[in-house]
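In order, the protein sequence lines correspond to chains A and B. Each residue of the first sequence is one higher than the one before, starting from 320 at the first, in my numbering. Each residue of the second sequence is one higher than the one before, starting from 320 at the first, in my numbering. These notes are about the structure you will find just below.
There are 2 protein chains.
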Amino acid sequence: MHPRYALVTNQLKKHQIRLSDRRLKILECLCYNLEHPTVDQIYVNLHKEIPTLSKTTIYNTLHTLAELGLIRIINIEDNKTRYDIITESHGHFKCQTCGSIFNFEVDLKSFATDELSGFKIMERNLYFKGICQECLLNKND
Amino acid sequence: MHPRYALVTNQLKKHQIRLSDRRLKILECLCYNLEHPTVDQIYVNLHKEIPTLSKTTIYNTLHTLAELGLIRIINIEDNKTRYDIITESHGHFKCQTCGSIFNFEVDLKSFATDELSGFKIMERNLYFKGICQECLLNKND
DNA sequence: GTTCCTGCAAAAGCTTTGCAGAAGA
DNA sequence: TCTTCTGCAAAGCTTTTGCAGGAAC
């Protein structure tokens, strides 16, 4: 079982939020889809298995999880929101050729600057864009 | 005159893009609006002065400027795109209470990690969210 | 005359909202 | 029974597209 799965389901129980079939499937999707899926990607992923699943339910579930801080919202793209099951500090790299989003380790918690003294920082995001290794290699072929 | 204004107009000339009245006004708006305006904010700002200005023109102009790398696109919010006349490396802080977006200095160019070796990094963004100093002080009243 | 620029209207895409029926406690 | 959950349909917003008239070169 994915390490985050147990943690998230425990938190849901603690907040008296039902572990419905839909919610558990969406959570699974977040755990095993490393692409930081959009609502539409989750929908497509689960549609075969649950043909009656609606996007509204996906939106509802993601909002619930985000409010509890159990998933992270990624705004690396202009037009749509992505969701990340990993909430620990890390950066994101988006390949502008293939569209993939990669994680990379970076400790943002230690960052400080005088300009933000007196500010309460609650969320830190580092987003890079460019071309990933694989796409660069393919280009040179 | 704002330091970026001359630079951007020169670049537009160089690329044989006409310095039309609309474009110059939108550029002015970006230079003197420190809020990192959205399309709608630019529209509202200029509407009194130019009642016939359309949002399509604002979109067109911003796309042109962004393609030439003369402005930066900010995706700190889920739903709408903001634009920044300052293209040098810096971070953004969004206050979740008043909605203001602050700049802060940070040199992202020097950041490196083994995980991204072999990747071509073209754009670096650091976004913080939280509560700004003023809103924190007001809260305690 | 030819290219570029502008603005209206329509369309497209993502997300939210209202509501009613279903499921669970 | 009462609350929560789900899904459809509609609405709301931002952004894009097609096109035609106008401006600039």
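Backbone N, C-alpha and C fix where the C-beta goes; we use that ideal spot for every residue, glycine too. Owing to the predicted nature of the structure, the values given are computational and were not obtained by experimental measurement.
Within-8 Å CB hit, residue i to chain B
i	result
E442(A)	yes
Q452(A)	yes
N394(A)	yes
E434(A)	yes
Contact under 8 Å by Cβ, residue i with residue j
i	j	result
I395(A)	T416(A)	no
R323(B)	C350(B)	yes
D442(A)	F447(B)	According to the sequence as given, residue 442(A) is Glu; it is not Asp. Contact: yes.
S419(A)	E368(A)	no
Q452(B)	F438(A)	yes
K332(B)	L326(B)	no
K344(A)	Y362(A)	no
N364(B)	N352(B)	yes
Residue closest to residue i, alpha-carbon to alpha-carbon, out of the options
i	options	result
S408(A)	D340(A), C348(A), L435(A), G388(A)	G388(A)
L427(B)	E368(B), G418(B), T406(B)	T406(B)
K399(A)	E453(A), A325(A), Q335(A), P356(A)	P356(A)
I336(A)	L435(A), I393(A), L381(A)	L381(A)
D340(B)	T376(B), I440(B), K333(B)	T376(B)
L445(B)	E424(B), S436(B), E354(B)	E424(B)
I393(A)	G410(A), C414(A), P370(A)	G410(A)
C454(A)	I440(B), K458(B), L456(B)	I440(B)
F421(A)	D403(A), D433(A), L372(A)	D403(A)
H321(B)	C348(B), R342(B), H334(B)	C348(B)
A385(B)	Q330(B), D433(B), E434(B), T432(B)	Q330(B)
L372(A)	R342(A), D433(A), L456(A), T328(A)	R342(A)
L346(A)	P370(A), H334(A), T383(A)	T383(A)
D359(A)	H334(A), R401(A), T328(A)	R401(A)
L456(A)	H366(B), K458(B), S436(B)	S436(B)
8 Å Cβ cutoff, residue i in contact with chain A
i	result
K367(B)	no
L445(B)	yes
R328(B)	Per the sequence shown, residue 328(B) should be read as Thr rather than Arg. No, T328(B) does not count as interfacial toward chain A.
Contact set between residue i and chain A, taken where Cβ atoms lie within less than 9 Å
i	result
L455(B)	G437, F438, K439
Partner residues on chain A for residue i, Cβ-Cβ distance less than 7 Å
i	result
V425(B)	T432
Contact list for residue i against chain B, beta-carbon separation under 8 Å
i	result
T400(A)	D397
Partners in chain A for residue i, counting only beta-carbon separations shorter than 8 Å
i	result
G449(B)	F438, K439, I440, M441, E442
Point to revise | alpha helix (DSSP H) runs wholly inside the region 386 to 446 of chain B, at least 4 long, in chain order | key: Counting only unbroken stretches of 4 or more residues, no alpha helix (DSSP H) element lies wholly within the region 386 to 446 of chain B.
**Study point:** Continuous beta strand (DSSP E) assignments of at least 3 residues falling wholly in the region 339 to 394 of chain A
**Key:** The region 339 to 394 of chain A contains these whole beta strand (DSSP E) runs: 391 to 393.
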